[in-house]
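So in the UniProt record's numbering the end of the sequence shown lands on 464, straight run, no missing numbers.
Note that CB positions come from ideal geometry on N, CA and C, so glycine has one too.
Here's the structure, in structure tokens; my notes come after.
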Amino acid sequence: MATAPLFTVAFDLASSDDYGAFLAGIRDRLGNPRHVSHDRPVLPPVEPGVPPRRWFHVVLRTPASALTLATRADNLYLAGFQSADGTWWELSHGTFPSRCRGLIPGAVPLGFRGTYRDLVGGAREVANVALGRRRMAEAVDALAARTGSGGAAERRLAKDTLAVLLLMVHEATRFLDVAATVAGLMRPEAAAEGGTIMRCSTSPDLGWRYWSCLLLSADSWPMRHAGDLGPPAHRNKEWVARAAATVGILLFVEVGNGIKAEKALRLFHGNLCGTGSDGAGADITFLVSGESIPAHRYVLAGKSAVFLRQRFIGRSGGKKMTCPVEVTDMDAASFKAMVHFIYTGTVPEFDQQRPAVAEESVAILAYRLLAAAHRYELDRLKVLCRRKLESGAIFVDMAAETLALAEQHGYRRLKAKCISFIVQTPETLNAVLATEGYRHLEASCPSMLTELLKSVHGRKKLMN
Numbered sequence: 001m002a003t004a005p006l007f008t009v010a011f012d013l014a015s016s017d018d019y020g021a022f023l024a025g026i027r028d029r030l031g032n033p034r035h036v037s038h039d040r041p042v043l044p045p046v047e048p049g050v051p052p053r054r055w056f057h058v059v060l061r062t063p064a065s066a067l068t069l070a071t072r073a074d075n076l077y078l079a080g081f082q083s084a085d086g087t088w089w090e091l092s093h094g095t096f097p098s099r100c101r102g103l104i105p106g107a108v109p110l111g112f113r114g115t116y117r118d119l120v121g122g123a124r125e126v127a128n129v130a131l132g133r134r135r136m137a138e139a140v141d142a143l144a145a146r147t148g149s150g151g152a153a154e155r156r157l158a159k160d161t162l163a164v165l166l167l168m169v170h171e172a173t174r175f176l177d178v179a180a181t182v183a184g185l186m187r188p189e190a191a192a193e194g195g196t197i198m199r200c201s202t203s204p205d206l207g208w209r210y211w212s213c214l215l216l217s218a219d220s221w222p223m224r225h226a227g228d229l230g231p232p233a234h235r236n237k238e239w240v241a242r243a244a245a246t247v248g249i250l251l252f253v254e255v256g257n258g259i260k261a262e263k264a265l266r267l268f269h270g271n272l273c274g275t276g277s278d279g280a281g282a283d284i285t286f287l288v289s290g291e292s293i294p295a296h297r298y299v300l301a302g303k304s305a306v307f308l309r310q311r312f313i314g315r316s317g318g319k320k321m322t323c324p325v326e327v328t329d330m331d332a333a334s335f336k337a338m339v340h341f342i343y344t345g346t347v348p349e350f351d352q353q354r355p356a357v358a359e360e361s362v363a364i365l366a367y368r369l370l371a372a373a374h375r376y377e378l379d380r381l382k383v384l385c386r387r388k389l390e391s392g393a394i395f396v397d398m399a400a401e402t403l404a405l406a407e408q409h410g411y412r413r414l415k416a417k418c419i420s421f422i423v424q425t426p427e428t429l430n431a432v433l434a435t436e437g438y439r440h441l442e443a444s445c446p447s448m449l450t451e452l453l454k455s456v457h458g459r460k461k462l463m464n
């Protein structure tokens with residue numbers, strides 16, 4: 001849902017960070033790793049017949065405030081924003097009917113949508129919108145401070161500021177020429193400057209869908225070779241070259257002889273490969289504790305930004321890699337469980353009824369997967385493992401390491417549970433102190449030793 005994003009990216013307007021690189025990072029995380037056109041990523045298709053499920057958040061920070069933008073990951077539609085008081089505001093006309101909750105649960109409708117006609121009067125008026133680092137900061141502060149619907153003046157302010165962010169974030173993600181203009185205005189040395197978008201290569205009458213359709217259609221032209229833009233005699237060759245130089249990421253559009261939405265969705269979700277356990281069609285092998293584990297690079301990259309950044313993901317020109325990739329920071333069982341989750345979204349061991357003697361192995365797996373989820377940026381797996389540990393039992397062999405992990409990532413409930421377990425009896429405390437995990441806790445979180453001592457003394461006082 002809109003309030004539970006696949007990923008969140010943040011940009012500090014007071015920093016000197018490269019805004020162009022920030023936009024490129026968004027494109028890298030959004031694209032379907034198995035579907036590219038003219039060296040440009042293509043968004044996964046909109047899933048038919050279901051409410052949008054793929055979202056991402058953009059957090060923009062100024063010295064005074066922070067603003068969160070909720071955007072659909074299948075079409076880059078800006079649905080709304082969260083102000084500083086925690087209220088979600090949705091770009092929508094009027095109030096929602098009783099049978100419709102809108103795209104953002106619990107959001108307050110702004111009374112207008114996010115089209116250029118709604119915000120600035122039309123596509124041609126976009127060229128008149130003032131942009132720049134200072135203007136973006138003003139827009140963030142104004143929207144973050146919003147507390148009520150207000151009157152006509154506040155409504156106009158919301159439209160003007162949203163137009164700024166729509167151009168500087170969403171249009172700049174879609175179009176390379178817009179990104180270049182905006183990135184130039186965002187340079188630290190240009191902080192006091194301002195400007196507008198002059199879409200030299202894109203007519204305001206021709207939008208993102210048109211250019212995406214043109215590029216995807218060119219992929220299926222007869223006699224097309226890798227790197228070509230189509231037969232020289234084709235009347236659209238010049239327009240295709242123009243589109244390839246303009247579009248940063250493509251909207252998925254079904255075109256004749258092109259990839260269909262159903263297949264593109266299967267590619268994105270990895271369903272063409274089953275669960276990956278049989279290795280059918282695998283193009284990469286991991287060597288973990290001496291065990292070979294097959295997988296598919298595009299599936300891993302589609303679910304984990306860490307895998308997407310790995311050098312081996314884009315190598316071999318789409319061919320199968322002959323050399324295995326060695327993994328030294330995980331055991332084979334945990335790595336296989338993580339890969340299974342990437343393919344299926346489930347951890348079967350968590351759902352099965354097991355005898356008490358096997359609960360410890362499941363708890364240890366949950367701890368190891370939680371550590372792996374942070375290492376490989378798998379947000380859903382983090383939640384699943386944390387809840388499993390919070391609701392299940394803690395055991396001696398994994399108590400100290402779990403405590404260190406909880407402290408490191410701010411899991412207060414899990415931290416309290418681990419401390420309570422460790423200090424419950426002198427025998428348990430001594431057993432935990434003798435584990436390798438406790439030595440890891442000493443080295444990585446020395447402050448936790450003080451908390452443990454305080455808890456021990458507190459328990460002694462209660463017993464006395």
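**Prompt:** With L370 and E349 assumed to form a contact (beta carbons below 8 Å), what rounded beta-carbon distance in angstroms separates them?
**Reply:** Position 370 of the sequence shown, counted from the start, is the residue given in the question as residue 370. Position 349 of the sequence shown, counted from the start, is the residue given in the question as residue 349. With 8 Å as the limit, L370 and E349 do not qualify as a contact, their Cβ atoms being about 13 Å apart.
By Cβ distance, which residues of its chain are closer than 7 Å to D219, with the 5 residues on each side in sequence left out?
As a working mapping, residue 219 is identified with position 219 in the sequence shown. S37 and G258.
Per DSSP, cross-strand counterpart(s) of W55
Here residue 55 is taken as the residue at index 55 of the sequence shown, counted from 1. R72, per the DSSP bridge assignment.
Handout entry: Integer-rounded CB distance, given that L166 should sit under 8 Å from residue 465
Key = There is no way to answer for residue 465, as the model of the chain reaches only from 1 to 464.
TODO: Select from T8, K417, L378 and F11 the residue whose C-alpha is nearest the C-alpha of T346.
DONE: Taking the first residue of the sequence shown as 1, we reach residue 346 at position 346. Nearest option by C-alpha distance: L378.
L420 - DSSP class collapsed to helix/strand/coil
Here the question's residue 420 lines up with position 420 in the sequence shown. According to the sequence shown, residue 420 is Ser rather than Leu. Reduced to three states, the DSSP call for S420 is helix.
**Asked** At what residue ranges does the segment 18-66 contain a whole run of the beta strand (DSSP E), taking only runs of 3 or more?
**Response** 55-61
### Extent of the continuous beta strand (DSSP E) to which P294 belongs
Within the sequence shown, numbered from 1, the residue matching residue 294 stands at position 294. From DSSP, the beta strand (DSSP E) with P294 extends over E291 to A295.
Checklist entry - Roughly how many angstroms separate the alpha carbons of Q310 and H374, rounded to a whole number? => result Locating residue 310 in the sequence shown gives position 310, counting from the first residue. Locating residue 374 in the sequence shown gives position 374, counting from the first residue. Rounded to the nearest angstrom, the two C-alpha atoms are 16 Å apart.
Task: Completely contained alpha helix (DSSP H) runs for the segment 338-414, where each covers 4 or more residues - done: 348-351, 356-375, 379-391 and 396-409
Assign T161 to one of two classes, buried (16 or more other C-beta atoms within 10 Å of its C-beta) or exposed (fewer than that).
What you label residue 161 is simply residue 161 of the sequence shown in a count that begins at 1. Under this definition T161 is a buried residue.
Query raised in the report: Which of the three DSSP states, helix, strand or coil, is assigned to L78?
Result: Position 78 of the sequence shown, counted from the first residue, corresponds to residue 78. In this structure, L78 counts as strand in the three-state DSSP scheme.
For F7 and I293, the rounded distance between their alpha carbons: Translated into positions along the sequence shown, residue 293 becomes position 293. Translated into positions along the sequence shown, residue 7 becomes position 7. I293 and F7: Cα-Cα distance of roughly 27 Å.
Q. Going by DSSP, what residues sit across from I249 in a beta bridge?
A. Your numbering for residue 249 matches position 249 in the sequence shown. According to DSSP, I249 bridges with nothing at all.
* **Pairwise C-alpha distance: L429 and I419** => One-based indexing of the sequence shown puts residue 419 at position 419. One-based indexing of the sequence shown puts residue 429 at position 429. Between I419 and L429, the C-alpha separation is close to 10 Å.
ask   = Span of the beta strand (DSSP E) holding T181?
value = Start at 1 with the first residue of the sequence shown, and residue 181 comes out as number 181. That residue, T181, is in no beta strand (DSSP E); its alpha helix (DSSP H) goes L176 to L185.
- Message: Quick test of your reading: E359 and A337, contact by CB under 8 Å. State the CB separation rounded to the nearest angstrom.
- Response: The residue labelled residue 359 in the question sits at position 359 within the sequence shown. The residue labelled residue 337 in the question sits at position 337 within the sequence shown. So it is not a contact: roughly 16 Å between Cβ atoms.
Classify P45 as buried or exposed, calling it buried when 16 or more other Cβ atoms lie within 10 Å of its own Cβ. To locate residue 45, count along the sequence shown from 1; it is residue 45. Note on P45: 16 or more other CB atoms within 10 angstroms of its CB, so buried under the neighbour-count rule.
| Cross-strand partners of E326 (DSSP beta bridge) | Your numbering for residue 326 matches position 326 in the sequence shown. Paired residues: L287.
Can you tell me the Cβ-Cβ gap for T62 and A137, rounded? I've got them flagged as a contact below 8 Å. Residue 62 sits at position 62 when you count from the first residue of the sequence shown. Residue 137 sits at position 137 when you count from the first residue of the sequence shown. Contact flag correct, Cβ pair sits at about 5 Å.
Problem - Counted within 10 angstroms of its Cβ, other Cβ atoms place E427 as buried (16 or more) or exposed - result: Position 427 of the sequence shown, counted from the first residue, corresponds to residue 427. Counting Cβ neighbours within 10 Å, E427 comes out exposed, since fewer than 16 surround it.
*asked:* My output table needs one value for A244: the three-state DSSP class, helix, strand or coil.
replied: On the sequence shown, position 244 is the one that residue 244 refers to. If DSSP states are grouped into helix, strand and coil, A244 belongs with the helices.
Taking all protein chains shown into account, do 16 or more other C-beta atoms lie within 10 angstroms of the C-beta of E254, making it buried, or fewer, making it exposed? Mapped onto the sequence shown, residue 254 falls at position 254. Exposed is the call here.
* Throw me the rounded Cβ distance for the R174 and I249 pair, which I believe falls under 8 Å. => Here residue 174 is taken as the residue at index 174 of the sequence shown, counted from 1. Here residue 249 is taken as the residue at index 249 of the sequence shown, counted from 1. The Cβ separation is near 6 Å, so the contact holds.
_Reduced DSSP category for T8 - H, G, I as helix; E, B as strand; rest coil_ = As a working note, residue 8 is residue 8 in the sequence shown. In this structure, T8 counts as strand in the three-state DSSP scheme.
message = Between which residues of its own chain and Y19 is the CB-CB distance below 6 Å, once the five residues before and five after are set aside?
response = As a working mapping, residue 19 is identified with position 19 in the sequence shown. Hits under 6 Å: A183 and M186.
Checklist entry - Residues in its own chain within less than 8 Å of G102 by CB, not counting five upstream and five downstream? => result As a position in the sequence shown, residue 102 is number 102, starting the count at 1. Answer for G102: E90, S92, F96 and P109, listed in chain order.
Practice task
Going by CA-CA distance only, name the one from L30, T402, A14 and G111 that's closest to T64.
Solution key: For the purposes of this step, residue 64 is identified with residue 64 of the sequence shown, where counting begins at 1. This sequence places Ala at residue 64; Thr is not what is there. Measuring from the Cα of A64, the nearest candidate turns out to be A14.
- Taking V58 as the reference, give the member of V362, G49 and I26 with the closest Cα. Indexing the sequence shown from 1 puts residue 58 at position 58. Answer by Cα proximity: I26.
ask   = Alpha carbon to alpha carbon, how far is T147 from D85?
value = Numbered from its first residue, the sequence shown carries residue 147 at position 147. Numbered from its first residue, the sequence shown carries residue 85 at position 85. About 7 Å.
Practice prompt. Compare the Cα-Cα distances from R386 to each of L414, H296, V169 and T3 and report the closest residue.
Written response: Counted from its first residue, the sequence shown places residue 386 at position 386. Among L414, H296, V169 and T3, the Cα nearest to that of R386 belongs to L414.
- Determine the DSSP secondary structure at L91, reduced to helix, strand or coil. Along the sequence shown, read from residue 1 onward, the residue named residue 91 stands at position 91. Three-state DSSP puts L91 in coil, outside helix and strand.
| Taking DSSP as the reference, what is the three-state secondary structure of V255? | Translated into the one-based positions of the sequence shown, residue 255 becomes position 255. Three-state result, V255: coil.
Notebook entry, point to check: Sorted by chain position, which residues of the same chain lie with C-beta nearer than 7 Å to A10's C-beta, five sequence neighbours on each side aside?
Noted result: The residue you call residue 10 lines up with position 10 of the sequence shown. Here the set comprises V59 and R61.
Checklist entry - M136 lies in the alpha helix (DSSP H); which residues open and close that run? => result Indexing the sequence shown from 1 puts residue 136 at position 136. R133 to A144 is the extent of the alpha helix (DSSP H) around M136.
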